[in-house]
């Protein structure tokens, strides 16, 4: 039987992760509240909470909703950064509330939480996602092929598969699009997420409609509006190099090579 | 109130719902009602892969896959259904590839495959590479690909519509499907959907456990709606505890981590699975591994200051392999635990993961109102359903398969039913029950809070109805749940508005969880044997004479309004495999 291959000299990080000492700290969540059923005006409301710093901002929001004010409204589902429901602006930066630990954002100061920008706020942290999904649908986000399908799978080399790997990670949370100053000023701009999802097909060796998608993105509201501020790349909770993907689409439009 | 009319209505937009929608939309006027945006569904959280005997990398065939599924389910699997699952797996994977799914590839450019728990060569000889995968985000890629194809097919979605009731109309003494009633989250408006065929594809109900891999929204809404309307629920006592959830948080770390060579170790660094499963070791079936982990913990070999977890050790694997094959779960360890899995083992514990039981269906996805009778026009697929291809314990990678095979089958069957049948009339005041449910909850002034009752429910379920169960613990659970249901009568919500009232939604979801937890506990108490995911310490052996049969639980309301659960049993469909002792 194989034994003792785990080092008993744990790293400090592992010791900290396994620690069961509850040292709660007091954090203040400063949340942007808005409910048109009650008032036309949005306002900031502070909530003081006792939290473990290893907890998520989502846990703090739940604590408010479940123990202090049930009317606080936000979307969430998986709670570990996969479903894309809970993108919000936390301390001025777009993040997923379920992927942001309190200890990682300086809980000493009030933590501001507000809805993502550029989409109409419907209630508290809930925004209208329809324009976002419409832009996504407009880039034809599905595989398009011509001719006969093989009986088995299409072949694709690992290199060809790798070519668009990064942009397959997108969870459509809108953190990128709603961090983009161009999108804030002009909601007609397709926005980074739609371009990322076009990239995912333009650079897929199996797809045969890259020209059509490029023409869609050649539009006045297409990729040329991007001013490479890199906000989108910073905002992406999946670590996608969003700005690079947009640049690759621009280059493909010039060279018509993809 | 609005009334809509569609041939086919699908409830839920995860893998099963969207796979069904792609078929149904081509054949009938179809609407998909979903309480979340489609891409938020929990299919997206599945990681390791989808089983199919493609034999792309080594010898394999669907017969071996069938056998593994039946053995994995501890012989409670309906064998005709398992055969369909394994046979149709191959086309299900190829269909997804043709729809655009970016599978990982072999050097020859074929779909790559890897090992997974319980999947073996030649009836248990050794682990086989059967799981088709896209890194450790296979579920994400399936969800995205299916949504993309729904966009392509022009599937009509009603997003953030929460289905609260199933409408049945009696015609010639037989209850027929008439539609569903939904609550629109954005406005609080009630919508009646008059339909010829309805497919429930609304997912699981794991949120009654505290440590769970399930999303907050997995509250068994479909199961509860069917149960309230007098339909049975099958095998609800069988709940899967996935061996490797992040300690205390329950976040899933794929079995693919062990498929790639990861090893479970106790506090002494011992690879303890060698003791429990000499052949398959860390890749034994999930029920076996989860019990082994808790045995180690109970016997004092758990890790950490309180000895309440073990380690998933990936440190011997090359970082390049982790980056290429397991990027998401290594990132979870970094984000949520602050550790580096290249060099540190990951603290894990079993996490409530998957409901094997659900709404009983036949292999066409048609819902049963008893052991044999079909409810005309009603279908179910995916985790909400019980076909039963998973029996007492589901094999890893068989759920992504299930949603594709039976999602497709039910989509075709429902649309064909709709195109050959007329609408039945809506029942009188179709929305009445939902309006009463919503308004009484919104206007209630009781002093109980949703959060307190939910927390107490999760505590009792984790303590009394988890990996190890006894008569005493299950009786305790039944008693606790009954008390919580009494308290729930006095629950009130703070949000009295109509717009995005998620406070109200959570209260209704809790009501569903309470009903389903009770079914689990009552069914488990009556099953005096151990089989798959249901382990009774007071009855540690499998009892094929008395219990090789499915539990069928019915809600009965007495003349005085009291509710009880009546249990009945249904024979297992056995074709070619005789039950054998289960060893890995």
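Protein chains in written order, with full-length UniProt numbering: chain A, 1 to 258; chain B, 1 to 584.
Think of the CB as a built atom: it goes at the ideal place given N, C-alpha and C, for glycine as much as any other residue.
Curious, which full-length beta strand (DSSP E) runs of at least 3 residues does the segment 164-212 of chain B contain?
174-184 and 190-200
For residue 54 of chain A, does the three-state DSSP call read helix, strand or coil?
Translated into positions along the first chain, residue 54 of chain A becomes position 54. Three-state DSSP puts residue 54 of chain A in coil, outside helix and strand.
What does the alpha-carbon distance come out to for the pair residue 582 of chain B and residue 211 of chain B?
Sequence index remark: in the second chain, residue 582 of chain B carries index 582 (1-based). Sequence index remark: in the second chain, residue 211 of chain B carries index 211 (1-based). So the alpha carbons of these two residues sit roughly 28 Å apart.
Residue interval of the alpha helix (DSSP H) (run including residue 192 of chain A)
By one-based count along the first chain, residue 192 of chain A stands at place 192. Per DSSP, residue 192 of chain A belongs to the alpha helix (DSSP H) from 192-202.
Are there 16 or more other CB atoms within 10 angstroms of the CB of residue 564 of chain B, so buried, or fewer, so exposed?
Reading the second chain from its first residue, position 564 is the one you call residue 564 of chain B. Residue 564 of chain B should be labelled exposed.
Between residue 123 of chain A and chain B, is there a C-beta pair that is closer than 8 Å?
Numbered from its first residue, the first chain carries residue 123 of chain A at position 123. True, the Cβ-Cβ gap to chain B drops below 8 Å.
Spatial neighbours of residue 24 of chain A in its chain, beta-carbon cut-off 8 Å, leaving aside the 5 residues before and after:
Here residue 24 of chain A corresponds to residue number 24 of the first chain, with the count starting at 1. Counting only Cβ-Cβ distances below 8 Å, and skipping sequence neighbours, we find 50, 51 and 52.
Whole-Å CB distance - residue 131 of chain B paired with residue 234 of chain B, under 8 Å assumed
Mapped onto the second chain, residue 131 of chain B falls at position 131. Mapped onto the second chain, residue 234 of chain B falls at position 234. Contact doesn't hold; Cβ gap of about 27 Å is too wide.
So the candidates are A/237, A/255 and A/256; which of them puts its Cα closest to the Cα of residue 86 of chain A?
Sequence index remark: in the first chain, residue 86 of chain A carries index 86 (1-based). Looking at the Cα atoms, A/237 is the closest of the given residues.
From B/431, B/183 and B/110, residue whose alpha carbon lies closest to that of residue 154 of chain A
One-based indexing of the first chain puts residue 154 of chain A at position 154. Nearest C-alpha to residue 154 of chain A: B/110.
Can you give me the C-alpha to C-alpha distance between residue 511 of chain B and residue 228 of chain B, rounded to a whole angstrom?
Locating residue 511 of chain B in the second chain gives position 511, counting from the first residue. Locating residue 228 of chain B in the second chain gives position 228, counting from the first residue. So the alpha carbons of these two residues sit roughly 11 Å apart.
Quick one, are the C-beta atoms of residue 20 of chain B and residue 358 of chain B less than 8 Å apart?
On the second chain, position 20 is the one that residue 20 of chain B refers to. On the second chain, position 358 is the one that residue 358 of chain B refers to. Going by C-beta atoms, residue 20 of chain B is not nearer than 8 Å to residue 358 of chain B.
How big is the Cα-Cα spacing for residue 48 of chain A and residue 184 of chain B?
For the purposes of this step, residue 48 of chain A is taken as the residue at position 48 of the first chain. For the purposes of this step, residue 184 of chain B is taken as the residue at position 184 of the second chain. For residue 48 of chain A and residue 184 of chain B, the distance between alpha carbons rounds to 33 Å.
Taking 8 Å as the threshold, find out whether the segment 192-212 of chain B comes into contact with the segment 351-365 of chain B through three or more Cβ pairs.
yes
Roughly how many whole angstroms lie between the Cα atoms of residue 189 of chain B and residue 32 of chain B?
What you label residue 189 of chain B is simply residue 189 of the second chain in a count that begins at 1. What you label residue 32 of chain B is simply residue 32 of the second chain in a count that begins at 1. Cα-Cα distance, rounded: 17 Å.
Between residue 41 of chain A and chain B, is any beta-carbon pair separated by less than 8 Å?
Start at 1 with the first residue of the first chain, and residue 41 of chain A comes out as number 41. Chain B contact via Cβ: absent.
Three or more C-beta pairs closer than 8 Å, one from the segment 386-403 of chain B and one from the segment 420-438 of chain B: is that the case here?
no
Are the CB atoms of residue 310 of chain B and residue 302 of chain B nearer to each other than 8 Å?
In the second chain, residue 310 of chain B corresponds to position 310, counting from 1. In the second chain, residue 302 of chain B corresponds to position 302, counting from 1. Yes. Within cutoff.
Inter-residue CB distance, residue 51 of chain B and residue 61 of chain B (contact presumed, cutoff 8 Å)
What you label residue 51 of chain B is simply residue 51 of the second chain in a count that begins at 1. What you label residue 61 of chain B is simply residue 61 of the second chain in a count that begins at 1. Rounded, the Cβ-Cβ distance is 13 Å, inconsistent with contact.
Report the option in B/93, B/552 and B/9 whose CA atom is closest to the CA atom of residue 370 of chain B.
Walking along the second chain from the start, residue 370 of chain B turns up at place 370. Of the candidates B/93, B/552 and B/9, the one whose C-alpha sits nearest the C-alpha of residue 370 of chain B is B/552.
Express the C-alpha separation of residue 146 of chain A and residue 200 of chain A in angstroms, rounding to a whole number.
Residue mapping note: residue 200 of chain A aligns to position 200 of the first chain, counting from 1. Residue mapping note: residue 146 of chain A aligns to position 146 of the first chain, counting from 1. Going by the C-alpha atoms only, they are around 18 Å apart.
Any beta-carbon of chain A closer than 8 Å to the one on residue 497 of chain B?
To locate residue 497 of chain B, count along the second chain from 1; it is residue 497. Taking Cβ atoms only, chain A reaches closer than 8 Å to residue 497 of chain B, which makes this a yes.
Contact list for residue 48 of chain A against chain B, beta-carbon separation under 7 Å
Position 48 of the first chain, counted from the first residue, corresponds to residue 48 of chain A. Near residue 48 of chain A there are no residues of chain B at all, since even the closest Cβ is about 18 Å away, more than 7 Å.
Secondary structure of residue 246 of chain B, DSSP reduced to three states:
Taking the second chain and counting its residues from 1, the one referred to as residue 246 of chain B is at position 246. Residue state, collapsed to three classes: strand.
Would you call residue 177 of chain B buried or exposed, if buried means 16 or more other Cβ atoms sit within 10 Å of its Cβ?
Along the second chain, one-based indexing puts residue 177 of chain B at 177. Flag for residue 177 of chain B reads buried.
If you measure between the beta carbons of residue 506 of chain B and residue 221 of chain B, is that distance less than 8 Å?
Numbered from 1 along the second chain, position 506 holds the residue referred to as residue 506 of chain B. Numbered from 1 along the second chain, position 221 holds the residue referred to as residue 221 of chain B. No.
Through-space distance from residue 362 of chain B to residue 574 of chain B, alpha-carbon basis
Sequence index remark: in the second chain, residue 574 of chain B carries index 574 (1-based). Sequence index remark: in the second chain, residue 362 of chain B carries index 362 (1-based). In a straight line, the C-alpha of residue 574 of chain B is about 14 Å away from that of residue 362 of chain B.
Going by DSSP in three states, residue 21 of chain A sits in which element: helix, strand or coil?
Position 21 of the first chain, counted from the first residue, corresponds to residue 21 of chain A. DSSP places residue 21 of chain A in coil when its eight states are reduced to three.
Kindly say whether residue 293 of chain B, judged by its beta-carbon, lies nearer than 8 Å to any beta-carbon of chain A.
Here residue 293 of chain B is taken as the residue at index 293 of the second chain, counted from 1. Judged by the 8 Å Cβ criterion, residue 293 of chain B is not in contact with chain A.
List the residues that DSSP assigns as beta-bridge partners of residue 359 of chain B.
Numbered from 1 along the second chain, position 359 holds the residue referred to as residue 359 of chain B. Per DSSP, B/385.
Are residue 201 of chain B and residue 384 of chain B touching if we call contact CB-CB under 8 Å?
The count along the second chain starts at 1 and reaches residue 201 of chain B at position 201. The count along the second chain starts at 1 and reaches residue 384 of chain B at position 384. Cβ distance < 8 Å, so residue 201 of chain B and residue 384 of chain B count as in contact.
In its own chain, which residues sit with a C-beta less than 6 Å from the C-beta of residue 84 of chain B, not counting the 5 before and 5 after it?
Here residue 84 of chain B corresponds to residue number 84 of the second chain, with the count starting at 1. 363, listed in sequence order.
So the beta strand (DSSP E) residue 114 of chain B belongs to, where does it begin and stop?
Looking up residue 114 of chain B in the second chain gives position 114. Where residue 114 of chain B is concerned, the enclosing beta strand (DSSP E) stretches over 113-121.
Rounded to the nearest angstrom, what separates residue 42 of chain B and residue 208 of chain A at their Cα positions?
Working through the second chain from its first residue, we reach residue 42 of chain B at position 42. Working through the first chain from its first residue, we reach residue 208 of chain A at position 208. Looking at the two C-alpha atoms, the distance is approximately 31 Å.
I need the straight-line Cα distance from residue 82 of chain A to residue 428 of chain B, nearest angstrom please.
By one-based count along the first chain, residue 82 of chain A stands at place 82. By one-based count along the second chain, residue 428 of chain B stands at place 428. Computed Cα separation, rounded: 42 Å.
Going along the segment 7-40 of chain B in order, which residues come within less than 7 Å of chain A, judged by CB to CB distance?
36, 37, 39 and 40
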